[in-house]
Structure formats: C-alpha cells, structure tokens
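Scroll down for the structure; my scribbles are underneath it.
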Amino acid sequence: MKTSQQYFGFSKSILALAVLAAYAPAYADDAEIAQLTQPTSSISVGVGASSGSQKDRSLMGQYNGLRDNDTTLQVDLDINKRDEATGTSLYIKGNNLGLDNRDLSVSYENQGNWKLGADYSELVHHEIRTINTGMVGLGSTTPSVVRLATPGTGQDYDLKLKRVGLGLSGEKWLNKNLQFEVAFRNETKTGARTYGVGYACAAYVCTNTQTATNQTWALLLLPEPVDTTTRQIEARLNYHDQKFSVSAGYYGSFFTNANGNMTAAVPNSLNNPLGVLSTLAPATTNIAGGGTSLRNVLQSPIALQPDNQAHQFYVSGNYRFTPTTQGNFKVAYTHATQDDNFLANGLTNAPAGVTSLNGVVDTKLVQLGVTARPMPKLSLLANVRYEDKKDSSTEALYNVEGGAVVPATTPATYVNRSWYNYLASSTKVVGKLEASYQLPVDLRGTIGLDYSSYDRPVPVSITEEELAGLGAVRAKNTEKGYRLELRRSMSETLTGSVGYSNSKRTGGDWTSLSNSAAFVAAGLGYGQTGSASQFIALNAGNAFPMNMVDIDRDKIKLSANWMPNDKVEVQFNVEDGKDKNATAFNPVAGQKGWLESSTRQYSLDASFAVTDKWKINGYLSQGTQNQKINHSTGYMADLETRSDGIGLGVKGVISSNLEVGAQLTYLNDTTKYGLRAASGVTGTAPTAANLAQAAIGVPDVSYQSTTLNLYGKYALRKNADIRFSLIHQRAELREWSWTNNGRAFVYQDNTTVGMNPDQSVTFLGVSYIYKF
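In the numbering used here, the protein residues as written are 2 to 773.
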C-alpha cells in the first residue's frame with residue numbers, strides 16, 4: 002500500500018536559490034532562478050518495434066507487453082506546475098503509458114498544509130510457456146477435458162494475469178504538530194494461471210491395480226481462473242514535537258474472489274503410461290459406504306481462494322529522552338476473519354452443520370527499542386519484539402482418510418477416519434542487543450547478541466488431530482546467537498570490514514505422531530513426548546521437520562571500498578554462510594531429511610569517470626546456493642544453484658547536443674540436481690533400482706541471457722530532444738520438467754506445455770521529448 006509522508010526542512014530548490022543569492026549574485030539571473038523555482042515538465046511520445054514472433058519474445062516480454070505486440074506506443078509524462086500566488090503545486094507522472102506495465106499518478110498539494118493524490122497502474126504477466134490442448138473452456142470455472150488424438154494437435158493458449166490498481170490518498174496538517182493521512186487502494190486481478198490436478202488411487206478409494214485397461218492414476222492441466230479484488234484502506238494521525246513523535250492508525254484489507262471453485266468435466270478414458278487410451282479406475286467396494294471412481298475424484302470441485310478480511314489498529318512512535326538516548330515502540334492488534342459460505346462457493350461436502358470455516362485469527366504485537374550514545378565512542382542498541390497469534394477458528398471434522406480394519410482382514414477392508422482441522426496459533430519473541438565502540442587506529446568494533454523463540458501447538462490426541470507423513474513435531478524452538486564486526490578506515494581512500502555471526506537453534510522434546518505398538522510400548526504413543534534420540538532408537542530412518550530441527554548457523558562477511566580520488570570507486574563484497582542440521586541421528590542409517598544449506602556470494606562493482614563527460618561502470622557477481630537432503634526412501638540429493646553475472650556500461654557526451662550510452666549484461670543461472678543412492682537404515686547396500694536411477698541422474702536447469710542496450714539523446718533545441726534506444730537480447734532456458742531431449746511432458750489428455758528455449762529479440766525505439 003502506498004502512503005504519503007511529509008518531510009520537514011528546506012527543499013533542494015530553495016536551498017540552491019539561497020546559495021546562489023548569497024555567493025553568486027552576479028550569475029543568478031532571472032532565468033536561473035525561474036528554473037529553480039519552476040521545475041521543468043516534459044512529455045515523451047514515441048514508437049517501438051520488436052523482432053521475432055510471440056514465441057521468440059516470451060521471456061523478454063513477460064511484463065511489458067512486447068510479447069503480444071510487434072509495435073508499441075511509448076508515452077511518458079513528467080508535469081510539474083507551481084502557482085506562486087497560492088503556493089500550490091501539481092505533479093503528474095506517467096510511465097510506460099503505451100505498454101502493459103503502465104502507471105500514472107497525480108499529486109496536488111500546498112506544501113506543509115495539505116496534499117491530495119491519485120494513482121492508476123496496470124501490470125500484465127504473460128506466461129512464458131504455451132499450452133497446446135483440446136480442452137474446452139480453458140481458464141473458466143467449468144473446463145471440459147477433451148483428449149487429443151495426438152499431442153500437439155490442439156489449440157495454443159498463452160495464459161496471462163492482469164493487475165489493475167487504483168489508489169487515492171490525502172493528508173492534512175491540522176497544526177504545526179498534528180497531521181492526518183488517509184489512503185485507499187483497489188486492485189483487481191483477472192486472467193488465468195497454470196494449475197493442475199492429479200490423483201493416484203488409494204486402495205480404499207478406487208481400484209489400484211494398474212493394467213492395460215484399468216488406469217489407476219491421472220495428471221491433468223487445469224489452469225486456475227482468476228477474478229479477485231483486494232481493497233486496502235489506511236488512516237492515521239501523526240503527532241510530533243521536539244522530543245516525541247507518535248502515529249496512531251487503522252489498516253484494513255478486504256479480499257473477494259468472484260470464483261468459488263473450479264469443477265472440470267473429465268472423460269472416463271484417458272492415457273495410460275504408454276499413451277494408449279484406457280478406462281479410468283472404478284470405485285472400490287472394500288470400505289463402508291463404498292469408494293469413488295478416479296473420474297469422480299478428478300471431477301471434484303477444487304476450492305479457490307475464499308473471501309477474507311483483516312483489520313489492524315496500531316500505535317507507533319519514538320521519544321528522545323536525552324540528546325543521545327532515544328526510545329521507539331509499536332503496539333498493534335489485528336483481527337482477521339474468513340467466513341466465506343461453503344455452499345455459496347459450490348462446496349457441498351462440509352461436515353454436518355458447518356456452513357463456513359468461521360476462521361478467526363487475532364494477532365497482538367508489542368515492540369520496544371532503545372538506542373543510546375552514553376559516551377562519544379560508544380553506541381548501544383536494544384530491541385525486543387513480541388507477537389502472539391491466536392487461531393480461534395471453529396474446529397470440525399474436515400479431514401477424512403481410510404484406514405485398514407483392525408484386526409486385518411483378507412482381502413483388506415477399510416473404514417473412514419475423521420479428525421479436526423489444525424489451528425495455527427503461535428507465539429514469537431525476538432530480541433537483540435548491540436554495542437559499537439570506536440577503538441584505536443581507526444577501528445570500530447561491534448558486538449551483538451540475538452535471541453528468538455517460537456511456540457506452536459502440537460497434536461495431543463489422535464482422535465481429534467492427526468498429522469500424516471511425519472514422525473514427530475516440536476512445540477517450541479529457541480535460537481541464540483552472537484555477531485562480531487570490525488570496521489576500519491585504513492586510509493582516506495580505503496575502508497573495509499569483516500563480520501562473523503553464529504547462532505544455534507534448539508528446542509524442547511518432540512511430540513510423537515505414531516501409534517504403533519513399538520512406540521506405545523516405549524511410552525511414545527501419539528501425543529506423548531521424548532527426545533530425538535528416543536525416536537531414532539525406535540525408527541532409525543525418522544526424519545524431523547526442517548523448520549523444527551536443531552540448527553548450527555555460521556556466516557562470515559567481508560567488504561572493502563576503495564576511492565582513491567573523485568573519479569574512481571571500487572567496492573568488493575564476500576559472504577559465506579552455512580546452516581547445518583544438528584539433531585541427533587543414527588550413525589548407521591545416517592541423518593534423514595534436510596542435512597544442510599549453504600550460500601556463498603562474491604561481488605565487485607567499479608566506476609570510473611574518464612573525463613567530466615565520459616563515465617564507465619561495471620560489475621562482476623557470483624552466487625552459489627546449496628542444499629543437501631537425505632530422503633528416507635533411499636536417495637540423497639545435493640542441489641546447487643549457481644548464478645554468474647557480468648555487466649559493463651559506458652555513457653558520455655559527444656557534443657553539446659548528443660548524449661550516448663551503452664550497457665552489456667550477461668547472466669548465467671544453473672541448477673544442478675546431484676543425486677546418489679543411499680544405504681539402507683541398517684547399513685545395507687543401496688538397492689539396484691536406486692543405483693540405476695542415480696546413474697541416470699536428473700538434467701540441469703539452466704538460464705542464460707545476454708543483453709545489449711544502446712541509447713542516445715539528441716537535443717533538437719533547448720526544449721526538445723530525440724531519444725533512440727536499441728535493445729538486443731539472446732536468452733536460453735533449459736528446463737527438463739516440461740521438455741527434455743526434444744520431447745515434451747504429456748498429460749493424460751495429451752495436453753503439452755512448451756516454449757521456444759532459444760530466443761533472440763531486438764527492440765528499436767524512438768521518442769520525441771518536449772520540455773516546458
């Protein structure tokens with residue numbers, strides 16, 4: 002949400018005028034004074050043309066409209082008007098008014114008294130991939146799946162999502178200390194985005210024996226229809242004097258969705274794994290009341306985002322106790338609700354007597370901080386933040402899953418089990434202490450202490466709350482850490498710093514989610530607690546959730562800034578960090594789940610003013626992110642993403658009428674999916690199947706782009722310019738999840754999704770700029 006702010010002090014134009022009057026009266030002629038007190042305005046109108054087809058421009062034209070249009074209108078506005086008699090000013094700013102990412106703002110004000118504003122914006126995101134399908138009603142709430150006889154013989158669709166925003170704002174100074182501000186924004190989002198549905202038959206839903214004539218799973222592309230409106234309003238009262246500043250306000254957010262659900266019509270025959278038409282699996286009869294067919298599962302209504310709203314009341318401010326000591330605070334209360342009616346949204350299978358979620362989440366926040374400078378060389382900082390989120394939503398038996406009858410029967414039979422929805426309450430506490438001291442030999446040292454805790458509810462009864470797929474969860478985590486930094490001015494032209502931080506996250510006992518005989522016998526039945534070692538002793542392959550495990554974190558930062566003169570500046574930065582899972586594990590089975598994450602970044606930025614008229618700048622950067630995971634099913638993943646960037650730019654003045662510039666950038670982003678087979682939990686050798694899959698591996702995902710931007714501005718006369726721009730981009734995207742080795746991924750109805758992986762686009766634009 003955009004809110005306006007009032008800043009006190011002299012404006013740059015008035016300050017410059019005062020300097021001219023005091024020190025250079027002989028040169029401050031009427032024209033120069035008028036230029037300072039009456040800022041110039043400009044209107045730019047031009048045309049742009051792009052090469053290639055729509056598929057050649059899908060990457061470059063994601064957000065600017067260049068994908069759909071070979072020719073575009075280039076319009077920009079910058080109008081600044083001031084009425085000296087009334088002291089009012091009018092500002093109109095417009096950018097990219099002929100493109101899909103246009104924005105226009107108007108501001109009318111009497112500085113230090115009142116201000117009115119309005120803005121309008123559009124942003125269209127074009128999906129970079131093209132869908133080829135036989136689907137009827139794609140992008141609607143009731144699409145019909147139609148199987149193509151052959152992949153690629155359907156109709157092409159390019160999805161897009163359009164945002165339209167309108168904002169209004171105003172402010173009024175009631176007196177020299179008191180200001181009132183109000184702002185409203187309405188944003189609509191329409192279109193469609195990539196989405197899908199899939200299901201593999203569970204034994205208690207549909208027959209799960211795969212044959213040539215019985216298809217037990219299916220995956221379909223069903224683009225999500227989008228038609229939403231978000232309204233935001235904020236009003237606040239600001240007070241300030243020499244020592245005390247405070248703001249009290251209200252913020253409201255209101256979200257509505259015109260679409261309640263998406264329900265697809267699906268035929269009863271789709272592709273089997275070999276691409277041959279096959280009948281979808283029928284319902285099972287081994288569960289009380291009977292199961293349902295795979296076709297009916299795929300045709301079940303898919304709930305879309307429900308209407309919701311939130312209201313926040315807050316007070317924030319700061320107080321200057323002494324010239325060197327200042328405190329700040331914030332207190333806020335947020336009441337969020339979601340009570341969209343199930344039936345009104347076409348959702349008919351709610352628990353008996355339940356008409357909506359009746360969701361209620363109340364959040365209380367308190368933040369206190371103080372900064373002090375008790376002596377010239379010492380600076381102190383302390384801050385604490387408390388947030389309590391209480392989920393008071395109505396609990397009901399939303400979750401249903403089939404479970405095998407005990408004792409087991411032959412053939413197996415099942416009964417439905419139901420349990421309540423999870424209430425996502427939490428309490429967070431974050432604190433920070435920091436001291437910075439000016440040491441001898443131009444050294445400044447900083448030491449900091451950090452603390453955070455997170456409390457969450459955990460299940461206590463399997464009959465009320467059941468979580469599947471996890472071995473245990475944790476009610477509380479606590480993290481404590483410290484930071485050290487040394488900064489030094491090694492000379493008048495060279496400064497540098499080095500920093501190190503370390504923290505450790507721990508927590509309380511783990512809550513069991515198992516009701517097996519072994520766990521119950523060990524006192525770790527569902528809802529009971531124990532240490533990680535106790536769980537590992539019972540299940541060597543137990544994987545704990547990564548957001549709850551113990552973690553050791555380390556990070557080091559290095560930076561340097563060299564400025565030998567006013568023409569040269571060089572900046573260098575290095576950052577290296579690692580987070581490692583420190584939870585207990587079985588040394589034979591190995592640690593399961595998330596193991597560690599690491600980041601490493603290097604950057605070098607330089608600028609050089611060759612002359613007063615010519616400047617050169619450039620940068621080099623490299624960033625690497627790595628994540629290691631030991632999956633419980635026998636493989637280990639080592640994921641690495643590396644991004645390399647290079648940029649070089651030059652701009653200068655050839656003559657009094659001609660300015661030119663050029664910029665060349667290169668980006669190479671590659672993700673490698675390292676994969677190897679893991680030993681069994683008892684130390685047995687990896688299975689032949691896992692070894693074979695690891696040997697095949699997974700292809701890299703890579704993106705490379707090279708962009709050349711040439712531009713020039715020629716002054717036709719004092720108040721008119723011509724601007725030329727030429728942009729050429731070559732981009733390559735290789736992503737195996739959609740296409741690999743020239744073969745597209747095929748959905749069960751022969752729908753495919755693809756794009757041109759090698760794209761080359763040239764854009765040429767010419768604009769006329771009129772200044773007044």
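We treat Cβ as the ideally placed atom computed from N, Cα and C, and that holds for glycine.
Original post:
What are the start and end residues of the beta strand (DSSP E) that includes S380?
Top reply: If you look at S380, you'll find it in the beta strand (DSSP E) that goes 379 to 392.
Original post:
At which residues does the alpha helix (DSSP H) containing L777 begin and terminate?
Top reply: Missing from the structure shown is residue 777; the chain here goes from 2 to 773 and no further.
Original post:
Rounded to the nearest angstrom, how far is the Cβ of V461 from that of V474, given a contact under 8 angstroms?
Top reply: Not quite, the Cβ-Cβ distance comes to about 11 angstroms (not below 8 angstroms), so this is no contact.
Original post:
Excluding five sequence neighbours on each side, which residues of the same chain lie with their C-beta closer than 6 angstroms to the C-beta of T600?
Top reply: G578, Q626.
Original post:
Where does the unbroken alpha helix (DSSP H) through V298 begin, and where does it stop?
Top reply: Element bounds for V298: 295 to 299.
Original post:
So, are the CB atoms of Y121 and L105 less than 7 angstroms apart?
Top reply: Y121 places its beta carbon less than 7 angstroms from that of L105.
Subject >> DSSP bridge partner residues for C207 (one or two, in chain order) >> reply: Paired residue(s): A284.
**OP:** Have a look at N587 and V298 and give me their C-alpha separation to the nearest angstrom.
**Re:** Rounded to whole angstroms, N587 to V298 spans 40 angstroms at the Cα level.
Original post:
In whole angstroms, what separates the C-alpha of N346 from that of N262?
Top reply: Taking the Cα positions, N346 is about 6 angstroms away from N262.
Original post:
Where does the unbroken alpha helix (DSSP H) through N691 begin, and where does it stop?
Top reply: Judged by DSSP secondary structure, N691 falls within the alpha helix (DSSP H) whose first and last residues are 689 to 697.
Original post:
Roughly how many angstroms separate the alpha carbons of G250 and R386, rounded to a whole number?
Top reply: Their Cα atoms are separated by approximately 19 angstroms.
Original post:
How would you write the range of the beta strand (DSSP E) that A201 sits in, first residue to last?
Top reply: Per DSSP, the unbroken beta strand (DSSP E) holding A201 starts and ends at 197 to 201.
Subject >> Start-end ranges of the alpha helix (DSSP H) lying completely within the region 34 to 108, minimum 4 residues >> reply: No alpha helix (DSSP H) of 4 residues or more sits fully in the region 34 to 108.
Original post:
Does DSSP put Q592 in a helix, in a strand, or in coil?
Top reply: When DSSP states are grouped into helix, strand and coil, Q592 belongs to the coil group.
**OP:** For the alpha helix (DSSP H) containing L559, list its first residue and its last residue.
**Re:** Counted as a single uninterrupted DSSP element, the stretch harbouring L559 is not any alpha helix (DSSP H) but the beta strand (DSSP E) occupying residues 552 to 566.
**OP:** Could you give the DSSP three-state label for A518: helix, strand or coil?
**Re:** The three-state secondary structure of A518, taken from DSSP, is helix.
**OP:** Note down the Cα distance separating S768 from G755, rounded to an integer number of angstroms.
**Re:** Roughly 35 angstroms separates the two Cα atoms.
Original post:
How long is the line joining the alpha carbons of A663 and N618, rounded to whole angstroms?
Top reply: Straight through space, the alpha carbons of N618 and A663 are spaced by roughly 10 angstroms.
Original post:
By DSSP, does Y28 sit in helix, in strand, or in coil?
Top reply: At Y28 the pLDDT is 40, less than 50, meaning the model places this residue with poor confidence; the figure from the coordinates comes in the next sentence. Note: Y28 maps to coil in three-state DSSP.
Subject >> Ordered list of beta strand (DSSP E) runs contained in the region 442 to 529, each at least 3 residues >> reply: Within the region 442 to 529, the complete beta strand (DSSP E) runs of at least 3 residues are 444 to 456, 473 to 475, 477 to 490, 495 to 508, 511 to 513.
**OP:** Using beta-carbon positions only, say whether S1 and D71 come within less than 7 angstroms of one another.
**Re:** Summary: the structure shown does not reach residue 1, with the chain confined to residues 2 through 773, and so no result is reported for it.
Original post:
Alpha carbon to alpha carbon, how far is L692 from G594?
Top reply: Spanning the two alpha carbons is a distance of roughly 19 angstroms.
Original post:
Since L160 and A193 are thought to touch, with beta carbons under 8 angstroms apart, how far apart are those beta carbons, to the nearest angstrom?
Top reply: With 8 angstroms as the limit, L160 and A193 qualify as a contact, their Cβ atoms being about 5 angstroms apart.
Original post:
Skipping 5 residues on each side, what residues in its chain have a beta carbon closer than 8 angstroms to that of T356?
Top reply: Taken in chain order, the residues that qualify are N342, F343, L344.
Original post:
So the alpha helix (DSSP H) L223 belongs to, where does it begin and stop?
Top reply: Neither: L223 is in no alpha helix (DSSP H) and is coded neither H nor E.
Subject >> Alpha-carbon to alpha-carbon, G648 and S492 >> reply: Looking at the backbone, the Cα of S492 and that of G648 are separated by about 29 angstroms.
Subject >> Unbroken beta strand (DSSP E) run spanning Q811, endpoints >> reply: Residue 811 cannot be examined here, being either before or after the span of the chain that is shown, 2 to 773.
Original post:
The beta strand (DSSP E) with I129 in it runs from where to where?
Top reply: Going by DSSP, I129 is part of no beta strand (DSSP E) at all; its letter is neither H nor E.
Original post:
Whose C-alpha, out of E641, H312, L596, N574, is nearest the C-alpha of Y620?
Top reply: Check the Cα spacing between Y620 and each of E641, H312, L596, N574: the tightest is with N574.
**OP:** Please state if the CB of L668 and the CB of S1 are separated by a distance shorter than 7 angstroms.
**Re:** Not covered by the structure: residue 1. The range shown for the chain is 2 to 773.
Original post:
Taking just the CA atoms, how far does T752 sit from T134?
Top reply: CA-CA distance, T134 to T752, rounds to 5 angstroms.
**OP:** Let me know the secondary structure DSSP gives A533 once reduced to three states.
**Re:** Three-state DSSP puts A533 in a helix.
Subject >> DSSP state of N346 mapped onto helix, strand, coil >> reply: In the three-state reduction of the DSSP assignment, N346 falls in the helix class.
Original post:
Alpha carbon to alpha carbon, how far is R95 from N65?
Top reply: First, the amino acid is wrong: residue 95 is Gly here, not Arg. So the alpha carbons of these two residues sit roughly 15 angstroms apart.
Original post:
How about the region 141 to 148 and the region 265 to 279: do they share at least three Cβ pairs that are nearer than 8 angstroms?
Top reply: Using a C-beta cut-off of 8 angstroms, the region 141 to 148 makes contact with the region 265 to 279, since at least three inter-stretch Cβ pairs fall below that distance.
Subject >> DSSP bridge partner residues for M376 (one or two, in chain order) >> reply: Its beta-bridge partners are L379.
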